[in-house]
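J.:
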Amino acid sequence: MAFDEMKTSDGKARAPYKVYENWLLSMSPDLLPAKHEQADALFRKLGITFAVYGDQEGTERLIPFDPIPRIIDAGEWKKLSDGCCQRVRALNAFLKDLYHDQEILKAEVIPRSQVFNNGMYRPEMQGLDVARDVYIHIAGIDLVRTGENDFYVLEDNLRSPSGVSYMLENRTMMLRLFPDLFHRHRVAGVEQYPDKLLKNLRSVAPAACDGDPTVVLLTPGYYNSAYFEHAFLAEQMGIELVEGRDLFVSEGLVWMRTTRGPKRVDVIYRRIDDDFLDPLAFNPDSTLGVPGLLSVYRAGGVTLANAIGTGVADDKATYTYVPDMIRFYLGEEPILNNVPTWRLERDSDRKYVLEHLAELVVKEVQGSGGYGMLVGPTSTREQVEEFRTRIIANPSNYIAQPTLALSTVPTLVDQGIAPRHVDLRPYVLMGETATLVPGGLTRVALREGSLVVNSSQGGGTKDTWVLEDARC
Amino acid sequence: MSRYIERAENIARFLDVANRMAMSAEGDRDAYWQPVLSITGGEDAYTERCGKLSAVAVVGFAVLDSANSASIYASLRAARENAHAVRSVIPHELWESVNATWLEARGLDGARLRDIGLMGFCDWVRERSHLFRGITYGTMMRDEPLHFIHLGTHLERADNTARLLEVRGEGVGVGPAPTEVDPTDQLHWAAVLRSVSAFKAFRTYYRDDLTPLRVADMLIMRADMPRSLHACLENVVNALEKVGPNAECTRVAGGLHAQLHWGRLDQLLNKGLDKFVEEFLVDINALGARIHDDFLMA
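Protein sequence lines, in the order shown, are assigned to chains A and B.
Under the working numbering, residue 568 is the last one in the first sequence; the count climbs by one each step, no gaps.
Under the working numbering, residue 1190 is the last one in the second sequence; the count climbs by one each step, no gaps.
(1) Report the start-end ranges of each alpha helix (DSSP H) in the region 1075-1135 of chain B that is 4 residues or longer and not cut off at the edges.
(2) Note down the Cα distance separating B:F1168 from B:I1176, rounded to an integer number of angstroms.
(3) Nearest to A:K359 by alpha carbon, out of A:V338, A:A330 and A:P375?
(4) Please give me, in chain order, every unbroken run of the beta strand (DSSP E) with length at least 3 that falls completely inside the region 146-214 of chain A.
(5) Rounded to whole angstroms, how far is the Cβ of B:L1111 from the Cβ of B:R1119, which I believe are closer than 8 Å?
(6) Secondary structure at A:G243, three-state DSSP: helix, strand or coil?
(7) Measuring alpha carbon to alpha carbon, tell me which of A:V115, A:N188 and A:F99 ends up nearest A:G407.
(8) Are the region 1100-1117 of chain B and the region 1042-1052 of chain B touching, with three or more C-beta to C-beta distances below 8 Å?
(9) Closer than 8 Å, CB to CB, is B:M1110 near chain A or not?
(10) In chain A, which residues lie less than 7 Å from B:L1010 when you measure between Cβ atoms?
(11) Could you list the residues in the region 907-922 of chain B with a C-beta less than 8 Å from some C-beta on chain A, going in chain order?
(12) Given a cut-off of 8 Å, decide if B:R1182 and B:E1140 are closer than it, judged by their beta-carbon atoms.
(13) Using a cut-off of 7 Å between C-beta atoms, extract the partners of B:R905 located in chain A.
(14) If you reduce the DSSP assignment to three classes, tell me which class A:A489 lands in.
(15) Using alpha carbons as the reference points, say which of A:Y494, A:Y231, A:D100 and A:Q511 lies closest to A:D64.
(16) Would the beta-carbon of A:H326 fall within 8 Å of that of A:R367?
(17) Just list the alpha helix (DSSP H) runs in the region 967-1035 of chain B, keeping only unbroken ones of 4 residues or longer that don't cross its boundaries, in chain order.
(18) By the DSSP assignment, the alpha helix (DSSP H) with A:R516 in it spans what residues?
(19) For A:F344, which residues does DSSP report across the bridge?
(20) Residues of chain B with CB under 8 Å from A:R272, in chain order?
(21) Note down, in chain order, each residue of its chain lying with its Cβ closer than 6 Å to the Cβ of A:Y425, except the 5 sequence neighbours on either side.
(22) According to DSSP, is A:P129 helix, strand or coil?
(23) Per DSSP, A:R539 forms a beta bridge with which residues?
(24) Does B:K944 get closer than 8 Å to chain A when you measure Cβ to Cβ?
(25) What number of angstroms, rounded off, separates the C-alpha of A:K175 from the C-alpha of B:E1170?
(26) Residue range of the beta strand (DSSP E) that A:V457 falls in?
(27) Where do the N-terminal and C-terminal ends of the alpha helix (DSSP H) with B:I1183 fall, by residue?
(28) Looking at chain B, is there any beta carbon in it that lies within less than 8 Å of the beta carbon of A:G334?
(29) If you check the beta carbons only, do A:G259 and A:G285 fall under 8 Å apart?
(30) What span of residues does the beta strand (DSSP E) with A:Y113 cover, start to end?
(31) How many Å lie between B:F1172 and B:A1054 at the Cα?
(32) When you compare the CB positions of B:G1030 and B:L1161, do they come within less than 8 Å of one another, or not?
(33) For a contact meaning CB atoms closer than 7 Å, what does B:T1096 contact in chain A?
(34) Touching or not, the region 530-540 of chain A and the region 499-517 of chain A, by the rule of three or more beta carbon pairs under 8 Å?
(35) Using the C-alpha atoms, what's the distance from B:D920 back to A:V518?
(36) To the nearest angstrom, how far is the alpha carbon of A:V548 from that of A:V461?
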């Protein structure tokens, strides 16, 4: 039986949900479905849509929005927030170390093979100093909950985590649909996120930048599934949204084409993968990037956020070493636990996993977005066998984890209100220090019993409320 | 007519700000509704009829109260009455739109308003105002009726932007600027910018922290900011020069405009933003009266 965040096993509302439940009981049962419809219409009007890869129609879809909030109290949040910041500080220290002295490899805390056999390791970054030593300007930490006090980190997203626009838009929507609820609760605000992000990006301008740094957001363009988010964030921050072809390299600097001639660019918040950033250095077929960008970057003429080569720290095998990184770099004990993970290149681990495949979750080491994973308990025998063959063929490409009983939160479905499994992705900003806004993206698996919350796999989202401490 | 449409739009904008502030801020939430009354100028009437400050009562008063001349209801009614009076002069599309807006507003009651939600309603009012301006822009001859429409819009807007700046304007600009902006202050000025759709413009232009002085600069001095006092005065002067280049009111408007066009913010605010606004409101109202005398009494 999964842990339900709203109700205890004897059906009483837990503390953070008490006020909400009272409110809900006082409302007509038609209210939520009606508000749900309103929300859909508004999201469509606002153009908050998501393109699904592999969908032949190429149509834009709304991410299903659930009108019931996910509520976290101040104490719980403090722990999550401290834990996420701690993790990102350690991961950032790891990247700095890895691309410089490699103390952690010398100390044999992490095996060399884990790093150097990793496709996301970037030799181009070796010995390079980045502005303020920040590699991970923005991180999305995926958390799951299995009990009253049991939170686990499921994965770290250190490349260009998406979804933050939904955190912001979901809040706007809730404020609009249920103003009275916000009068009954003290919900911490999230709307300062774009401000903080911009400040953070400006603070990492390269040393060579004199005066007011120019920050741009580099998008792959409007065919990208997260294009709405790119446009949204650029608009919120008041910075230019550019594509690769809008930028060029000259005299060792990056410039943006404008109607008034070239304008120097100091910080690029890039939402393009490493491989596509610079056709001269990486994938030569990339038309999304800027030829010569890497050379400017290496010479300290421009800051990229996030830095190149952060992917080596967020794959699912490196993940298993994060608690060790926290101890090694910070001398602290991890505040948040990892999910126990089997590494399939190890014989004993592999043996166990292959014997228990139908009970476990198996993931590709570098997969993301819920693609290329097996959830044993909800898969058919054929799917399990297919994965078995794939694992045997290339064991180091996979990890396995126990199937966690993700916590549930009441969710509006066709039949009424029913518990559905959720996860949580808060967004950590790293500048001088690591900070995060009180909230995050709660993703919810809308199908009964499903544990896959990814939007690409039919998951929905909820507004996440962090309650502020009651003041008198 | 254009004055009243503009007023309805601005009341909607003020309500939207108060609503957002009240939902996200701390402390006594009802207090955030006070500015709606002080900006629209209905404080005394409110106290007389509704007594204590409360969110529901303020919304009722500012949206639906037909006896409150500064309510959205009353503004849309007045706009429609004025449009009716000049029906033969304005394009029929304009008349139909103003009339339809009124008919819809008339059908509104507390229950219906709750149903749409305050934000939804404020959006609607704003859209109707946008539509009004769009029709005048797209269909009207560039002659007197259009100039008078512009005149009304921008006089009203200048008045409203000034009143908006007055809230928490006390002492802004006097003495050295504080290095740290109080968070509630910051929230307030961000809400002010949002209410005049200038938040993004602010970001683009300043790329820096929000301070009361910068917001004041944006909403007073910048001619390219469509709701700033400078821009409003520029439009007023343009319209007046077309309809009465030699009228006394044109001279007065030109003087007011010159003050913003050539003045410096630190000098204008040397007694504080609140004092500046106070004087500005006296001036702009005197100008309104003068225009009335010059054109309508003649």
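Beta carbons: idealized from backbone N, C-alpha and C, even for Gly.
T.: Based on what the coordinates show:
(1) 1075-1087, 1091-1098, 1104-1108 and 1121-1135
(2) 12 Å
(3) A:V338
(4) 161-168
(5) 7 Å
(6) strand
(7) A:N188
(8) no
(9) no
(10) P275
(11) N911, R912, A914, M915, S916, E918 and R921
(12) yes
(13) Those do not exist, as B:R905 stays about 16 Å from chain A at its closest Cβ, beyond 7 Å.
(14) helix
(15) Examination of residue 64 of chain A is not possible in this model, given that chain A is present from 97 through 568 alone.
(16) yes
(17) 984-998, 1002-1008 and 1010-1031
(18) Here A:R516 belongs to no alpha helix (DSSP H); instead the beta strand (DSSP E) covers G512 to R521.
(19) A:W351
(20) G1009, M1011 and G1012
(21) A186 and A189
(22) helix
(23) A:D519 and A:T557
(24) no
(25) 50 Å
(26) L456 to E460
(27) L1165 to I1183
(28) yes
(29) no
(30) Run containing A:Y113: none; DSSP gives neither H nor E here.
(31) 8 Å
(32) no
(33) G334
(34) yes
(35) 34 Å
(36) 17 Å
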